[in-house]
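A.B. asks: Going left to right, the sequence shown walks through residues 19 to 133 as this note's numbering numbers them.
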Amino acid sequence: MARMSISEATDLLGRLVAHWRQRMGDAFAVGSQELTDLVALRDQLATAIQEYDAALQVANEKKATRDALLKNAETTRANYRRQVAINKGTGSSEYKTIPESAKGTRKPTESPSTP
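1. When the Cα atoms are used, what is the spatial distance from LEU63 to GLU26?
2. Can you tell me which residues form a DSSP beta bridge with GLN51?
3. Let me confirm a value: LEU31 is counted as buried when at least 16 other C-beta atoms fall within 10 Å, else exposed. Which label applies?
4. Quick check: the Cα distance between LEU53 and ALA47, rounded to an integer number of angstroms?
5. Can the beta-carbon of ALA103 be found less than 8 angstroms from the beta-carbon of TYR113?
6. I'd like the list of long-range same chain contacts for ALA96, defined as Cβ closer than 8 angstroms, with 5 residues on each side in sequence excluded.
7. Would you kindly report the start and end of the unbroken alpha helix (DSSP H) that includes GLY43?
8. Roughly how many angstroms lie between the CA atoms of SER129 and GLN75, to the nearest whole one?
9. Could you tell me the alpha carbon to alpha carbon distance between ILE24 and ASP61, rounded to whole angstroms?
10. Assuming the contact rule is C-beta atoms closer than 8 angstroms, TRP38 and LEU56 should be a hit. Round their C-beta distance to whole Å, please.
Structural data, given as structure tokens:
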């Protein structure tokens with residue numbers, strides 16, 4: 019059996035609570051589980067969903083901040099490289115020793131190897 023979606027589960031629990039209250043009454047039990055247990059489960063699920071959604075929002079905001087900082091770092095590196103080239107020239111030792119990213123960037127004079 020496929021797992022229910024969040025909206026299906028919350029909807030179903032709400033309808034079960036309503037059915038239990040209207041049709042079965044407080045004295046009815048399913049094993050050791052009473053109506054108050056089902057209500058507690060419904061409320062715990064609603065709280066967990068809200069907490070998850072809030073945490074996801076925070077995570078998305080942090081990811082956006084991280085991505086902006088990474089872009090800023092790359093722009094700064096490119097501007098630094100360009101400014102060193104202007105001030106010292108591309109043949110200078112200062113320019114040639116500028117650190118590259120782990121991926122590296124191919125120098126314009128290099129051609130890709132052919133198999």
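Think of the CB as a built atom: it goes at the ideal place given N, C-alpha and C, for glycine as much as any other residue. These numbers come from a predicted model, not from an experiment.
C.D. replies: This is what the structure holds:
1. When rounded, the distance between both Cα atoms is 12 angstroms.
2. For GLN51, which the question treats as bridged, DSSP gives the partners VAL48.
3. LEU31 counts as buried, since at least 16 other C-beta atoms from the protein chains shown sit within 10 angstroms of its C-beta.
4. C-alpha separation (whole angstroms): 7 angstroms.
5. Yes, the pair counts as a contact, with Cβ atoms nearer than the cut-off.
6. Taken in chain order, the list of residues that qualify is empty.
7. From DSSP, GLY43 is part of no alpha helix (DSSP H); its letter is neither H nor E.
8. Low local confidence applies: a pLDDT of 47 at SER129 is under 50, so the model's placement there is unreliable, and no value is given.
9. Cα to Cα, ILE24 sits roughly 13 angstroms from ASP61.
10. Contact check for TRP38 and LEU56: beta-carbon distance about 6 angstroms, within the 8 angstroms limit, so the pair qualifies.
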